[in-house]
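Undergrad:
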Amino acid sequence: MITIPISFFLIIYFVILVMLTIFFTVNFFHIILTGTTTFSSFLATLFVFASIALVLFGTWYFLQGINWSQTITIWDNSWFGQSFNTI
Numbered sequence: 009m010i011t012i013p014i015s016f017f018l019i020i021y022f023v024i025l026v027m028l029t030i031f032f033t034v035n036f037f038h039i040i041l042t043g044t045t046t047f048s049s050f051l052a053t054l055f056v057f058a059s060i061a062l063v064l065f066g067t068w069y070f071l072q073g074i075n076w077s078q079t080i081t082i083w084d085n086s087w088f089g090q091s092f093n094t095i
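With positions in the sequence shown counted from 1, the corresponding number in the working numbering is that position plus 8.
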């Protein structure tokens, strides 16, 4: 039987979140340092920032009741009866 804890998915989510934060920070400083502070760049940055805030709020709201010590079974030979247990 192969099982993994649910917290594994939370770690993957945090890694993606850190990468998103790095990309957003680089993009924000690129806009400021190159002097391309136009209204359209402001709106695009505001849209991305608002989207990130909405995703973070949704993550917090929907994952409050999760028991992170639970495990998920990826593979179990008993699902297929005795067909794979011929030895």
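All C-beta atoms, glycine included, are put in the ideal place defined by N, C-alpha and C. Quantities reported herein were computed from a predicted structural model and do not represent experimental measurements.
Check whether the Cβ atoms of Trp76 and Ile14 sit closer than 8 Å, and answer yes or no.
TA: Going by C-beta atoms, Trp76 is nearer than 8 Å to Ile14.
Undergrad: Can you tell me where the alpha helix (DSSP H) with Ile40 in it begins and where it stops?
TA: From DSSP, the alpha helix (DSSP H) with Ile40 extends over 15-41.
Undergrad: Roughly how many whole angstroms lie between the Cα atoms of Gly43 and Tyr69?
TA: Rounded to whole angstroms, Gly43 to Tyr69 spans 37 Å at the Cα level.
Undergrad: For the putative contact between Ile60 and Leu28, defined by C-beta atoms under 8 Å, what is the C-beta separation to the nearest angstrom?
TA: Rounded, the Cβ-Cβ distance is 7 Å, consistent with contact.
Undergrad: For Thr53, which of Phe65, Val63, Trp83, Ile40 has the nearest alpha-carbon?
TA: Nearest C-alpha to Thr53: Ile40.
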